[in-house]
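Going letter by letter, the sequence shown gives residues -22 to -1, 1 to 1116 in mature numbering (1 follows the signal peptide of the UniProt record, and there is no 0).
Let me begin by presenting the structure, written as structure tokens, before commenting on it.
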Amino acid sequence: MNMDWNFCIFLYLFCEFHSVLTFNIDPVSWKYFTRNNDVGFGYRVIQVDTTSFLVSDPLVQYSHNKRGQVYSCGISQETCLPVTINVPSEAVNMSLGLSMTKDIQSSNSVVCGPTIPKDCKVLTTLNGMCFIVNGSNAVSAPIPSALRSCPLKIDIAFLIDGSGSVEEVDFVKMKTFVITIIQSFSDCSSQFAIAQFSTGFEIHSKFEAVNDIDSWRTLIGGIEQQKGLTYSAKAINKLVDELFVTEGGARQSAIKILIVITDGRSNDEPHLRGAVEKAEKKNIIRFAIGIGEAFDDAETKQQLHVIASAPLAKYVFNVTDFDALDSIREQLEENIAIEGVQSTGSSATMEFAQDGFTAVFTSNESLIVSSVGAFQGKGGYQEHYQSQHYGHSSDFQVGSEEDSYFGYSMTIATRSKKRLVILGAPRYRHKGQVMISIIGNNATNLLVDSPKPQIGSYFGAEVCVVDLNSDTKTDLLLISAPTYVDSHSEGRVFVYFYSRQPYFTFSVALMGMAGHRGRFGSSLASPADLNGDGFRDVLIGAPLEEDRQGTIYIFNGGVDQINPTYSQRITGSSVRSGLQFFGQALSQSSLDHSGDSLPDIAVGSKGAVVLLRSRPIMLVDVKVTYSPSKISTSQTNCTKPLENTLTVCFNMSGYKHAITDMSGSISYILKLDAKRYNHRAYFLPKNRVLSDVVNVTLEEVCKDHPFLIEACTEDHLNPLLNELMITFEGLPSRSLENLQPVLLPWIKNTTLWMLDYEMNCGSDNLCVDNLKMDFSFGSANIEVGIMQEINVTVFVENTGENSYNTHFTLNYPSGLSYRRIMSRMGRVNCLSTDGMQGILLGETICQVNKPLFAGNTSAVFDIIYSINKQSNFDQKVTLSASLTSGNANHSESSELLKIKNISVKHAIYVALLRHTDSSLYINFTSGKNNLEKPLKQILEVKNEFRELNLTVFIRVPVKLGVENIWTNKNLQIPDCFKERDEQPTLTNFLKVLKKKNVLNCSVAVCAVFRCDVNLMRNERKFYNISSNLSSGWIEQIGIRSASFQLVSTASMDYDEDKYIYFSDSLGSVSVCELSTQVEVYEEFSILKEVTGGVIGGVLIMSLITAALYKSGFFKRKAKQHRKDPTQNTDEVENLNEN
């Protein structure tokens, strides 16, 4: 492009982002932290403040039953010390630090250990606990405060034989056996009772829990043997009536178990079966233990079979003597424990919950803790409130499907007054799913499935929200699927933008470098605005890339989006030799640890945490000048080349920072007459290309380069276009520990600088052009979403002397894109660079009649720009035009600058529709008073395009004449308010209704409702007119049978200065009628029908008779009879003969 280059050009021209492979994060480790070569160190990392950060190691085993540690690492000390956390003794091997999250509103962090095993006999449960660590490393009490009780909720009653056949020493052994069983189940949710039987029956202890095992030993040790007969049936009867009742301490919800220990045959055997059936009706599970030789007898052994539950192999035990009781103890305990689990079905609830697999702060008031293993892997979450040290909690919210791991990942999104909890379930139906729920409204759930569903992709393994402009409102949601695979990569991160309903809408998928399979998306973070452009950026970890050395990717944020091409890829091997799984953890916040006012990031790897610094971003202002400033055309000696000096100047400055100790090295290449194959200028020794290096600081640095220009060339109209290419390398800064600055990546590194020939301007050698220009728009407004293009017509004229290298420049806003030019008069060539919102205007530069724009000539051309229908302009946009030339002097009457505004209206695609659930038809019976029928008219307002505010007016007929149309005199529409009543335009409603049968606002009083609504893109809003319709208004019309259309109308109002209604969109209407057919008919009467039929029949017969008489039918018959009087007599005689 050609223009007057003798001024300073700021290089803010944008290049393609995908060419940028490195940016401003220094890929070399600044600080490196490790701990005794513990491989779990670095599993999670949180930057707490500018002086320290927290690191977890959930794998470190620092005692036989203590696993997991959290460390506080001081930046300046470069050491990590354990944080003192008072873990309860029951929280063994909890893997503390398996999850760790920071509260964005404070310096608090929550640390959880979700793998606490609890031995409940044959079942080992998995629990979890969390702790809140404040900025001073003070630690809260555990959340929850204690582990869940074992699921075995059992009431066990022992019935021991105290008859005389039992030796005293054996009676002691039997009591010792009972104590051993009680001790085994004392840690579970169990109660125990003990009774003795012989001739009599005695309860020694009703059902009680074991709070002190020693007191139970004393109690049982003090039981004295009764020494009588063996009345087993009587004992079981009394035990059922007196122990297994509420008064006996039994719990209604507990499993009931009876253990009968006896050494011989029952003396009341005939009653034994009845007593057992009584116990069976109460669902008492019975174990029978027979001791001694008495049970070698088949009949005696049969008594054990009668007492015990089925199957007998499980519930009957037979030992030779009391010393052998210990041999059955373990099997008995196991059978009791299994009974508890099977009977309660508790394996389907919270036994393997793993509380604290993830945890997030909702606010300073509450904490949400997930439990992925609850309800057989359905997972779920529970909110714990700060009152009473998080002792109060909400109901547990359960996932929808087993083995889905709902709550595997979790984050909080904020929009206005709404706070949303977002949870991943990566194993949902083997493909994964994410659920979004409004906190405090558990009934409102939105399920998000992968836009690219794939079995085993683990969609929802990580979730992360992004607040692009740091206004505390969530703009984007990131959901990772780290094991999603295709032919060239592994892992995806799906980006969703906030859209109110359904909260988040899929936008784009992010991916790592092609050819690498490294679980891209295993970690996600949006810690800060890393490059200083005003938008928060995104970090994504791929810890298995580069042969498990690991990689992190940086994606830059923008206006309402994340750029889908990564701006930087940092490999673990470049950071520090020997790193593994680099990127397995990313801090959710980036703080300034180095004191340079730039954010630093913390990255976890296997056994280590690395701090990486942001590099200061620099701008470089480049200026090229020539001496002399023009190439002479008056040279008479064509053998002597013309001498000139090119001066290149560089001025470096900081990009959105004030760091002063910055320097860099600029390597540059100058290429003379770069656009021509046969060049007209050269450096000595006759070389058109020169390379050099210059060191720059925050002060301007210039360098001179003499060169020669061939004299008397044929082409002395077209200027020399000299190309400058630069490469920037930051130099280490001593004050910043050798940190090197980096050049803003979208600065253009190749520029053209023009050197003009002198112009032929007559005897005075002074060309004074008189340039004038104007431009106009092809339409009065820009209608965004309707118009695809806008036409700008440009008029340029020169009424003075010749103008050389004339350029027309038009600056236009982002949202317009250059398409083409159409020349109407003259020669015009244009180049254009589109702008970027909030950063750079678009610029179109046109050469007019290059190289000579002669006097008294003009040029007319059209520049066509396409209009991005997604753009959001102000109500007016400004286009500014300028006109330049290579002439040193311009006429005072020249018009070289023009600024014009054009109004903008944004198309809205809104449909007012009658919803299909509206009532189509109702009917009334005439002649009956005070009837009413339910009627529903539903208006659907559908916004198909951009977010907007509008007002919907709904007019509902409410009164006809003196009668109310609806039974509810104060009819209301939810989310609307009643403005007024409108009187009908026609007063003679009887005449109108009998003619047109349409009941609308022209004949009825209408209530006008105003509904103000804000609609997001693709959002729908429904308004319900619902009440009972009265028959009174029909009765006053006086028509007994008719059909009417009851019509409510809806219209909309919007800011017409800002919006334009697009009526050609599919189904888009600005006025809608909600019509219901109302029919009135007379009631059917059988009496009337029969009476009418009889009367009608008589009338018809009368008419027929009259017609036959009139035709002479009866006269002819009479004549025939008179003519042959014997005929009848003959016929009678013939009949008699027969």
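We put the beta carbon where it would ideally sit given N, CA and C, even for glycine.
Nearest-angstrom Cβ-Cβ length linking residue i and residue j, presumed shorter than 8 angstroms
i: residue 1118; j: Cys90; result: Only positions -22 to 1116 of the chain appear in this structure, which leaves residue 1118 out of reach.
i: Gln213; j: Phe222; result: Reading the sequence as shown, one finds Ala at residue 213 and not Gln. Their Cβ separation, rounded to whole angstroms, is 13 angstroms, which puts Ala213 and Phe222 out of contact at 8 angstroms.
i: Asn807; j: Ser858; result: The Cβ separation is near 21 angstroms, so there is no contact.
i: Thr452; j: Val443; result: 5 angstroms
i: Thr784; j: Val826; result: 4 angstroms
i: Tyr796; j: Thr835; result: Not really, about 26 angstroms apart at Cβ, beyond 8 angstroms.
i: Pro594; j: Ile637; result: 5 angstroms
For residue i, three-class secondary structure by DSSP
i: Tyr293; result: helix
i: Trp194; result: helix
i: Ala257; result: helix
i: Leu310; result: helix
i: His893; result: coil
i: Gln204; result: coil
i: Ser1043; result: Unreliable positioning characterises Ser1043 in this predicted model, as indicated by a pLDDT of 47, which lies under 50. The coordinate reading is nonetheless provided below. It is coil, neither helix nor strand.
i: Val986; result: strand
i: Lys131; result: coil
i: Ser1029; result: strand
i: Val412; result: strand
Alpha carbon of residue i to alpha carbon of residue j, nearest angstrom
i: Pro829; j: Asn865; result: 12 angstroms
i: Ala520; j: Ser711; result: 31 angstroms
i: Thr691; j: Leu749; result: 29 angstroms
i: Glu146; j: Gln203; result: 8 angstroms
i: Cys(-15); j: Leu668; result: Residue placement at Cys(-15) is poorly supported in this model, since its pLDDT is 32, which falls under 50; the coordinates still yield a value, given next. Their Cα atoms are separated by approximately 22 angstroms.
i: Leu597; j: Leu722; result: 6 angstroms
i: Ile121; j: Pro66; result: 11 angstroms
i: Glu180; j: Ala173; result: 6 angstroms
i: Ala758; j: Gly804; result: 26 angstroms
i: Ala253; j: Glu247; result: 10 angstroms
i: Met1030; j: Val991; result: 10 angstroms
i: Ser1026; j: Met765; result: 34 angstroms
i: Leu197; j: Phe109; result: 41 angstroms
i: Thr322; j: Ile314; result: The predicted model places Thr322 with a pLDDT of 47, which falls under 50 and marks its position as unreliable; any figure quoted below should be read in that light. Those two C-alpha atoms are separated by around 12 angstroms.
i: Gln432; j: Val347; result: 28 angstroms
i: Lys131; j: Asp27; result: 47 angstroms
i: Ser34; j: Asp639; result: 36 angstroms
i: Val940; j: Tyr474; result: 56 angstroms
i: Glu761; j: Lys883; result: 5 angstroms
i: Gly756; j: Ile768; result: 7 angstroms
i: Ile94; j: Glu68; result: 8 angstroms
Minimum C-alpha distance to residue i - residue among the options
i: Arg1018; options: Leu650, Leu569, Val1056, Phe175; result: Val1056
i: Lys260; options: Lys234, Phe839, Asp895; result: Lys234
i: Leu488; options: Arg514, Tyr531, Gln527, Glu523; result: Tyr531
i: Leu425; options: Asp464, Lys396, Tyr462, Thr483; result: Thr483
i: Ser572; options: Phe1, Asn2, Lys9, Pro5; result: Lys9
i: Glu329; options: Phe353, Leu909, Thr298, Thr603; result: Phe353
i: Gly499; options: Arg526, Ile198, Ile457; result: Ile457
i: Asn622; options: Pro606, Thr611, His635; result: Pro606
i: Lys847; options: Pro791, Tyr21, Gly763, Leu650; result: Gly763
i: Ser552; options: Gly528, Ser568, Tyr544; result: Gly528
i: Leu446; options: Asp427, Ile540, His466; result: Ile540
i: Glu818; options: Met800, Ser792, Phe839; result: For the sequence presented, residue 818 should be read as Leu rather than Glu. Of the candidates Met800, Ser792, Phe839, the one whose C-alpha sits nearest the C-alpha of Leu818 is Ser792.
i: Ala119; options: Glu312, Val626, Asn64; result: Asn64
i: Phe685; options: Val674, Val671, Ser50, Asn700; result: Asn700
Residues that residue i bridges to, as DSSP identifies them
i: Tyr790; result: Gly820
i: Tyr782; result: Leu830
i: Trp944; result: Leu1007
i: Lys878; result: Leu857
i: Gly582; result: Ala563, Val587
Closer than 7 angstroms: residue i CB and nearest the ligand GDP heavy atom
i: Arg933; result: For the ligand GDP, the structure offers nothing, since it holds no ligand at all.
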